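Colleague: What follows is a structure written as structure tokens; I'll ask about it next.
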Amino acid sequence: MKHQAKKRFGQHFLTDQSVLSNLIGEMRPRADDTLVEIGPGLGALTFWLLKAVNHLQVIEIDRDLAEKLRTGGWKDKLTVHEVDVLKFDFGQLPAPFRVVGNLPYNISSPILFALLEVADRVIDQHFMLQKEVIDRMVAAPKTSDYGRLSVMLQAYYDMDHLFDVPPECFDPPPRVMSAIVRMVPKPAHERAAIPGEIFSRVVSTAFSQRRKMLRNTWANVVPEHMANAAGIALTARAEEIAPQQFVQVAQMMAS
Ligand code: SAM
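Shown next, in the form of structure tokens:
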């Protein structure tokens with residue numbers, strides 16, 4: 000019986016085989032990779048991945064789809080985790096591992112932030128996302144797309160917008176343009192040097208009102224001499240400040 004796509008789970012199934020082949024070409028999965036796919040759905044991408052790897056872990060919330068995967072022809076090569084990815088403990092996977100998925104767009108940011116917590120264990124991540132979200136992830140300072148998501152992720156990952164995927168490549172087609180991004184965690188010593196909580200607070204407050212000067216958004220948060228030492232004038236706005244400058248401010252506040 001044909002699976003009825005469920006809106007609440009953001010189900011848009013890839014049907015265009017050239018998109019899948021291009022993604023595999025970018026990823027270059029190897030037989031012995033520890034690879035986890037988020038949201039395998041009907042298995043369009045899963046099928047291509049299984050041609051390359053010996054074994055695949057998949058995380059799927061939809062009971063019907065998880066059951067199909069557990070009992071289907073590929074069952075011996077799959078470990079199916081039937082769970083909400085936001086509750087999944089990535090710590091249980093043998094590290095280091097790779098992550099891939101055509102993500103449910105309604106929860107893509109929470110998924111990205113959950114994976115940030117385990118970046119130490121990750122080799123790379125390839126995701127299909129709403130193009131608009133990828134534009135924000137990779138945006139440069141002084142552009143309208145640059146914001147909290149850009150700074151938080153650029154501090155921890157090297158990212159490449161690989162290619163765009165139009166709505167007609169899916170069934171049912173989403174209303175928005177999609178794209179594929181590669182995310183590779185920066186070297187461990189660079190990530191470890193970022194005081195996570197302080198960094199997150201410094202960035203969030205700066206962008207809480209992006210049109211306002213940092214003098215206002217950072218009042219009682221960042222001392223002026225520390226901002227200045229990172230080359231930041233408090234008359235600037237958050238969108239003018241590079242990720243590395245936010246990191247420097249956080250490091251000064253932590254020491
Ligand atoms: N990978 C498939 C493809 O490309 O055709 C399906 C992609 S579809 C955009 C998103 C998939 O994620 C669906 O299979 C959906 O059931 C699953 N999903 C949605 N929310 C989820 C969650 N919270 N945890 C795990 N899987 C979820």
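Under numbering that gives the first Met the number 0, the first residue of the sequence shown carries the number 0, and numbering increases by one thereafter.
Quick reminder that beta carbons are idealized off the backbone N, C-alpha and C, glycines included.
Remember, it's a predicted structure, so these values are computed and weren't measured experimentally.
What do you get for V137, buried or exposed, if any count of 16 or more other CB atoms within 10 angstroms of its CB means buried?
Modeller: For the purposes of this step, residue 137 is taken as the residue at position 138 of the sequence shown. V137 comes out buried.
Colleague: Excluding sequence positions up to five away, which residues of its chain have a Cβ less than 7 Å from the Cβ of V183?
Modeller: For this step, residue 183 is matched to residue 184 along the sequence shown. The beta carbon of V183 is closer than 7 Å to those of D123, Y156 and D157 in its chain, skipping five residues each way along the sequence.
Colleague: For S20 and F169, I'd like the C-alpha separation in whole angstroms.
Modeller: For the purposes of this step, residue 20 is identified with residue 21 of the sequence shown, where counting begins at 1. For the purposes of this step, residue 169 is identified with residue 170 of the sequence shown, where counting begins at 1. In a straight line, the C-alpha of S20 is about 15 Å away from that of F169.
Colleague: Relative to the alpha-carbon of L233, which residue among A51, F126, N215 and F8 has its alpha-carbon at the smallest distance?
Modeller: Taking the first residue of the sequence shown as 1, we reach residue 233 at position 234. Cα-wise, what sits closest to L233 is N215.
Colleague: For F162, count the other beta carbons within 10 Å of its own beta carbon; 16 or more makes it buried, fewer makes it exposed. Which is it?
Modeller: Counting from 1 along the sequence shown, the entry for residue 162 is found at position 163. Burial call: exposed.
Colleague: How many whole angstroms separate the CB atoms of A43 and F8, which I take to be in contact at a CB cut-off of 8 Å?
Modeller: Position 44 of the sequence shown holds residue 43. Position 9 of the sequence shown holds residue 8. Their Cβ separation, rounded to whole angstroms, is 15 Å, which puts A43 and F8 out of contact at 8 Å.
Colleague: Return the bridge partner residues of I197 from the DSSP annotation.
Modeller: Indexing the sequence shown from 1 puts residue 197 at position 198. Partner(s): none; I197 has no beta bridge.
Colleague: Any heavy atom of the ligand SAM closer than 7 Å to the Cβ of I23?
Modeller: Sequence index remark: in the sequence shown, residue 23 carries index 24 (1-based). Outside the cutoff, so no.
Colleague: How would you write the range of the beta strand (DSSP E) that D157 sits in, first residue to last?
Modeller: Along the sequence shown, read from residue 1 onward, the residue named residue 157 stands at position 158. It spans Y156 to V164 - the beta strand (DSSP E) in which D157 sits, taken as one unbroken run.
Colleague: Quick check: is any heavy atom of the ligand SAM less than 7 Å from the C-beta of D163?
Modeller: Locating residue 163 in the sequence shown gives position 164, where the first residue counts as 1. Flag unset: Cβ of D163 not near the ligand SAM.
Colleague: Is I122 a contact residue of the ligand SAM, with contact defined as CB to any heavy atom under 7 Å?
Modeller: Taking the first residue of the sequence shown as 1, we reach residue 122 at position 123. Answer for I122: no, Cβ out of range of the ligand SAM.
Colleague: The ligand SAM heavy atoms versus the CB of L128: any closer than 7 Å?
Modeller: Here residue 128 refers to the residue found at position 129 of the sequence shown. False, no ligand heavy atom lies under 7 Å from that Cβ.
Colleague: Kindly list the residues whose CB is nearer than 6 Å to the CB of I58, restricted to its own chain and excluding five residues on each side of it in sequence; keep chain order.
Modeller: To locate residue 58, count along the sequence shown from 1; it is residue 59. Hits under 6 Å: I37, H80, V84 and F87.
Colleague: Kindly confirm or deny that the stretch 191-210 and the stretch 239-246 touch, where touching means at least three C-beta pairs closer than 8 Å.
Modeller: Contact check between the stretch 191-210 and the stretch 239-246: three or more CB pairs, one atom from each, fall below 8 Å, which counts as touching.
Colleague: Out of G71, L92, E131 and M151, state which residue places its alpha-carbon closest to the alpha-carbon of Q56.
Modeller: As a working note, residue 56 is residue 57 in the sequence shown. Nearest of G71, L92, E131 and M151 to Q56, Cα basis: L92.
Colleague: Grouping DSSP H, G and I as helix and E and B as strand, with all else coil, what is Q91?
Modeller: Within the sequence shown, the letter at position 92 stands for residue 91. Note: Q91 maps to helix in three-state DSSP.
Colleague: Could you give the DSSP three-state label for R27: helix, strand or coil?
Modeller: Numbered from 1 along the sequence shown, position 28 holds the residue referred to as residue 27. Looking at R27 - three-state DSSP - the assignment turns out to be coil, as it is neither helix nor strand.
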